[in-house]
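Scroll down for the structure; my scribbles are underneath it.
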Amino acid sequence: MRYLRFMRYQPLSADLYKANRAKFAAQMKPRSIAVFFSNDIYPTSADGTLPFKQASDILWLTGVDQEETVLVLFPDAHNPSDREILFTLETNEELAIWEGAKLDRTRATAATGITNIQWTTAFERTFHRLMAEADALYLNDNPHTRARNIVQTRTDRENAGLRANYPNYEFERSAPILYSLRAIKSQEEVDQMQRACDITKAGFERVLQFVKPGVMEYEIEAEFMHEFLRRGSRGFAYTPIIGSGFNACVLHYIENSAECKAGDVILMDVGAEYGNYAADMTRCVPVSGKFTDRQRAVYNAVLSVMRGAMNLLKPGVSLHDYHVQVGELMTKELLDLGLITADEVANENPAWPAYKKYFMHGTSHFIGLDVHDVGHWHEPIQAGHVFTVEPGIYIREENLGIRLENDILITEDGYVDLMGQIPLEADEIEAMMAG
Ligand code: GLY
Ligand code: MN
Ligand code: MN
262 MRYLRFMRYQ PLSADLYKAN RAKFAAQMKP RSIAVFFSND IYPTSADGTL PFKQASDILW
322 LTGVDQEETV LVLFPDAHNP SDREILFTLE TNEELAIWEG AKLDRTRATA ATGITNIQWT
382 TAFERTFHRL MAEADALYLN DNPHTRARNI VQTRTDRENA GLRANYPNYE FERSAPILYS
442 LRAIKSQEEV DQMQRACDIT KAGFERVLQF VKPGVMEYEI EAEFMHEFLR RGSRGFAYTP
502 IIGSGFNACV LHYIENSAEC KAGDVILMDV GAEYGNYAAD MTRCVPVSGK FTDRQRAVYN
562 AVLSVMRGAM NLLKPGVSLH DYHVQVGELM TKELLDLGLI TADEVANENP AWPAYKKYFM
622 HGTSHFIGLD VHDVGHWHEP IQAGHVFTVE PGIYIREENL GIRLENDILI TEDGYVDLMG
682 QIPLEADEIE AMMAG
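Per the working numbering: the sequence shown = residues 262 to 696.
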């Protein structure tokens, strides 16, 4: 047992998880219970499985990065020991031999701050006893606008069972509460995200030394992965995009299969995960180490929009208004580059402005445990939110796509750039490639 380490990463403190649960409980109705489930381990074929990926909500509430976990919150329970209960996968010697030990009760309490730890097999019985004291039940769901909820999650499956077993209770939704709470990052979370950004930086600096004409896009992917894993990350926070030349204009290009040719620019949208927190970075570099004048002009236009956009992000701003203003910044740059005309702008359709021809995606999204993290888009920006800033210009007819992306923390009076130390200026990129 001496060599056993439960996690590859430095976990966050039990105090943070206690505070997170307290914030959630404070928003629950009287005499209500909330229940949260871990993810399943997803099957592939035969006896294959995907690597386990914890559901972000139970992770945010407990830090438990393990399957078959259930959290029950019941702030008004008569018996104080029923107010928070964590159910975990039963450990035994057989499991320890095949898979290594799972969390035992002592470790589960130390990691989460929850004193009442039970095996998952006891969930139904305990839960039924608690329901006798309750009027309402908070269930979780995934209302993320980009989610394609086509696979039944453990949460969906358990929810269906609970609704069938307790049809006369009031049902409430946890997701809107979690969207508010998870969007505001605590200092410990910001530190963890900073580690993910720093690991991403190390990967990028390695790649700057590696890129030359003839390298394959997947070789660049491998260089990032090497640097990520050796620094305690478990890999990419999302499927990386390494697209050279025309491939940079294919927004969701993930084949990463082409050779990088002299004269082309490579777009790299890559971020490390660390302790389940995501970094999301995009950089563009010239294959031969020097941008052409045209490439540099487009690069600097994107950089200028990125800087302008960052300065717009502050508490109180609406994300919708912000996106309109960034569109105005982009319009000006595209006019200067000669890519759109004043006439096209004057006659543009407000629902699909002229700039969208070359910049067709959003500029910012919440980021945290999930790359496209949860948060209320229709509410004003608050200090503690973390956003990406990622303008781009994609010129298919020139085989050139430039996107630049950093992750920034909103503060009371502006922002802190968590990627401020990652080379960004065209000159800096060229100097590091030459060095
Ligand atoms: N890497 C995904 C995104 O930039 O949103
Ligand atoms: Mn990205
Ligand atoms: Mn992004």
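Just so you know, even glycine gets a beta-carbon here, dropped at the ideal spot from N, CA and C.
Check, Outcome
"His389 versus Ala283: straight-line alpha-carbon distance, rounded", "23 Å"
"Beta-carbon spacing of Pro547, Val526 below 9 Å", "yes"
"Selection from Tyr479, Asp402 and Leu391 that minimises the alpha carbon distance to Ile438", "Asp402"
"Proximity below 9 Å, CB of Met392 to CB of Ile294", "yes"
"Alpha carbon of Val587 to alpha carbon of Ala533, nearest angstrom", "27 Å"
"Residues of its chain near Arg263, where Cβ-Cβ distance is below 7 Å and the 5 sequence neighbours each way are ignored", "Note that Arg263 scores 45 on pLDDT, short of 50, meaning its location in the model is unreliable and no value can be drawn from it."
"Boundaries (first-last residue) of the alpha helix (DSSP H) holding Met571", "Asp554 to Leu573"
"Ligand 3 site residues, beta-carbon cut 6 Å against heavy atoms", "Asp541, His626, Thr649, Glu651 and Glu666"
"Reduced DSSP category for Ser293 - H, G, I as helix; E, B as strand; rest coil", "strand"
"Start and end residues, alpha helix (DSSP H) containing Asn426", "Arg415 to Asn426"
"Presumed contact (8 Å Cβ cut-off) between Ala286 and Pro336, rounded CB distance", "4 Å"
"Spatial neighbours of Asp258 in its chain, beta-carbon cut-off 8 Å, leaving aside the 5 residues before and after", "Because the chain in this structure spans residues 262 to 696, residue 258 falls outside the shown range and cannot be described."
"Where the beta strand (DSSP E) containing Val333 begins and where it ends", "Val331 to Leu334"
"DSSP beta-bridge partners of Trp380", "Thr349"
"Nearest residue (CA-CA) to Ala539, options Thr416, Val635 and Glu605", "Val635"
"Closer than 8 Å: Gly532 CB and nearest ligand 2 heavy atom", "yes"
"For Phe465, the three-state DSSP class (helix, strand or coil)", "helix"
"Bridge-paired residues (DSSP) for Thr310", "Pro304"
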